[in-house]
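Colleague:
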RNA sequence: GCCUAAGUAGCUCAGCCUGGAUAGAGCAUCAGGUUCCUAACCUGAGGGUCGAAGGUUCAAAUCCUUCCUUGGGCGCCA
């Protein structure tokens, strides 16, 4: 479609002795602020100095050179001040778009840009023995969405999770339980497990000398010497992992590969020796470090003074294992922005070790989810647990559903309430750009109007309801498209934009583009729904296929966000 | 101090990469709309020194410079 405009323009410009290549013309072409002004616009400002005329005059003259254009290509070409505005043959455009969507279905918008490439995407990285709070939903949703976007662009994605099941935080938990909570029965509940950790932090903060006892536990934990401690660790670790798995199921995420920090405790010492031998690492203040100052990456500590392992060393081993075992073309880490430096240090180290080049690894940082005025933290307990929050949201949703339709069975109710709640929370995490902090307010999270997940699901269900009714009626009006309205055109155009959006999201590794697109698409549909009756209208046949296309593309789009649709709501 | 991200309506954000036509949404506020395909909807109103100052340009929220504010990071947490 754009090509038509470019061709016509090039001809007209040549008549004025201005030679521009296709690419140059495309660079100047823009989309007007509203569809009433046309579909493409060509601003003439830049020609003013060359032709020594006002841009308005140039626009008029170019319009004259365009003479009569083909009616199969354009409805009209107009000038508006310094702009030349092109109106495509909208009927042809709309019919073509609808036809494409309905024939390609769930493949509509796919791209082969990364075809056949294996990509490992590591995300979520939840720790055991700690709270999984609503903030963790961000990274999990982001990783899942990126995985889907990559798949939609042809990649073979390996979803990986790296769970922190050992290390100082676990040592703190074990220490606190053994010392202060031993008489309590070990519970499976995430909230209980999280509370022990919070208690540990509280006690350690008020009595700094206690840290020594934790360090001892950490030593024992690292080398697995103490059998009692080991079995306590094993049991509580499993409880944590079980509750995490339940959460992933809710969130519609399934990992292909799990890595655990505990796997890397022992091999860590060997790799540190290697690095020392190769002079990549050195000893400083009794600890083992890699000095990366000449790359502006500071100092990276591999081993503590007491020879216990830090996450840096484990991450080196993890990276090596990923490449050896799964041979991805690219390894991507979806991590909190606070870890940016750490990952750059890791990538640089892999380069120095000559195992991987910079281009083989990449990371997608995302900002925090905060409570109003403060940080959300598993350490202090200043957080909203996912498990508590989702129950509250489901309860709220259930009440709304019951009010709407009192005859729903318990199963229907539970199923819909969960899907709507998850859509609400995931969408709220994905709609904002990744490097902006999200302020989590419960009352906003329970608002299901406007730019929200439930609004999108509702729009989808409405479309479905029209189609269901259409399929039930007998005298179907198959009349062809007589007149195309402004709203119908705008909706079709937005549907057509989907492929472009997918590519933009892929290139920038940013699902919020898809989220914003989904919302704009649904908005246009709801406008259409309000002003254009479908069943029984003169354009019934066309409108049904437009609704059907909308439903398909919204589903494709939500699918990329990892949000499931509902046929009825 | 250095690095990094953000600063746009009362609040939460799009737009910035690739400069163009009256700076867009949602929430909140106010005023309307359901005998009609689901009102979790739609229509309308009010609300803006686009953090500040310079610069580049015919044209700057968008590009450049400096500064201010806030979040995050900067050797033994992850």
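In our numbering, the protein residues as written are 1 to 569.
Note that CB positions come from ideal geometry on N, CA and C, so glycine has one too.
Just so we're clear, the structure is a prediction, and the values are computed from it rather than from any experiment.
1) Check whether the Cβ atoms of residue 327 and residue 362 sit closer than 8 Å, and answer yes or no.
2) Select from 357, 385, 356, 360 the residue whose C-alpha is nearest the C-alpha of residue 369.
3) Helix, strand or coil, according to DSSP, for residue 284 in the structure here?
4) Might you give, ordered along the chain, the residues of its own chain that have their beta carbon closer than 7 Å to the beta carbon of residue 310, omitting 5 neighbours on each side?
5) Quick check on residue 552: does DSSP put it in helix, strand or coil?
6) Please state whether the Cβ-Cβ distance between residue 174 and residue 244 is less than 8 Å.
7) Which residue marks the beginning of the alpha helix (DSSP H) containing residue 79, and which one marks its end?
8) Let me confirm a value: residue 472 is counted as buried when at least 16 other C-beta atoms fall within 10 Å, else exposed. Which label applies?
9) Please identify the residue among 70, 64, 342, 51 whose C-alpha is closest to the C-alpha of residue 578.
10) When the Cα atoms are used, what is the spatial distance from residue 372 to residue 468?
11) Considering Cα atoms alone, identify which of 162, 164, 163, 147 is closest to residue 571.
12) What residue does the alpha helix (DSSP H) around residue 495 start on, and which one ends it?
13) Scan the segment 262–325 and note each continuous alpha helix (DSSP H) run of 4 residues or more that stays entirely inside, going in chain order.
14) To the nearest angstrom, how far is it from the Cα of residue 110 to the Cα of residue 454?
15) How many Å lie between residue 40 and residue 83 at the Cα?
16) Tell me, which residues are paired with residue 160 by DSSP?
17) Just the C-alpha distance for residue 456 and residue 549, rounded to the nearest angstrom, thanks.
18) Quick one: what's got a C-beta closer than 8 Å to residue 158's C-beta in the same chain, skipping five residues either side?
19) Could you tell me which of 281, 416, 107 sits nearest to residue 563, measuring between CA atoms?
20) Whose CA, out of 161, 519, 96, lies closest to the CA of residue 334?
21) Tell me where the alpha helix (DSSP H) around residue 362 begins and ends.
22) Is the CB-CB distance between residue 198 and residue 492 below 8 Å?
23) Taking residue 387 as part of the alpha helix (DSSP H), name the residues at either end of that continuous run.
24) What runs of the beta strand (DSSP E), each 3 residues or longer, lie entirely inside the segment 147–192?
25) Tell me, please, which residues DSSP counts as bridged to residue 42.
26) In chain order, what residues of the same chain have a beta carbon less than 7 Å from the beta carbon of residue 240, not counting five sequence neighbours either side?
27) Taking residue 461 and residue 568 to be in contact with their CB atoms under 8 Å, please state how far apart those CB atoms are, rounded to whole angstroms.
28) Rounded to whole angstroms, what's the CA-CA distance from residue 380 to residue 203? Just pull it up for me.
29) Tell me the residue span of the beta strand (DSSP E) that contains residue 108.
30) Would you call residue 143 buried or exposed, if buried means 16 or more other Cβ atoms sit within 10 Å of its Cβ?
31) Leaving out the 5 sequence neighbours to the left and right, which residues in its chain are closer than 7 Å to residue 528 when beta-carbon positions are compared?
32) If you drop the 5 nearest sequence neighbours on each side, which residues of the same chain put their C-beta closer than 8 Å to that of residue 72?
33) Rounded to whole angstroms, what's the CA-CA distance from residue 276 to residue 360? Just pull it up for me.
34) Could you pull the DSSP bridge partners for residue 336 from this structure?
35) If you draw a straight line from the C-alpha of residue 135 to the C-alpha of residue 378, how long is it?
36) Between residue 554 and residue 504, which are expected to be in contact by the criterion C-beta below 8 Å, what is the C-beta distance as a whole number of angstroms?
Modeller: In short, the structure shows the following:
1) no
2) 385
3) strand
4) 301, 302, 303, 304
5) helix
6) no
7) Run containing residue 79: none in the alpha helix (DSSP H); it sits in the beta strand (DSSP E), 74–80.
8) exposed
9) Outside the displayed range of the chain (1 to 569) lies residue 578, so it cannot be described from this structure.
10) 44 Å
11) This structure leaves residue 571 out entirely; the chain is present only between 1 and 569.
12) 486–496
13) 267–277
14) 25 Å
15) 10 Å
16) 122, 257
17) 15 Å
18) 118, 119, 120, 121, 256, 257, 326, 328
19) 416
20) 161
21) Taken as a continuous stretch (DSSP letters only), residue 362 belongs to no alpha helix (DSSP H), being part of the beta strand (DSSP E) at 361–366.
22) no
23) 386–404
24) 156–163
25) 84
26) 128, 129, 193
27) 6 Å
28) 11 Å
29) Residue 108 -> no beta strand (DSSP E), and no H or E assigned at all.
30) buried
31) 487, 488, 491
32) 89, 92
33) 24 Å
34) 366
35) 10 Å
36) About 18 Å; that fails the 8 Å criterion.
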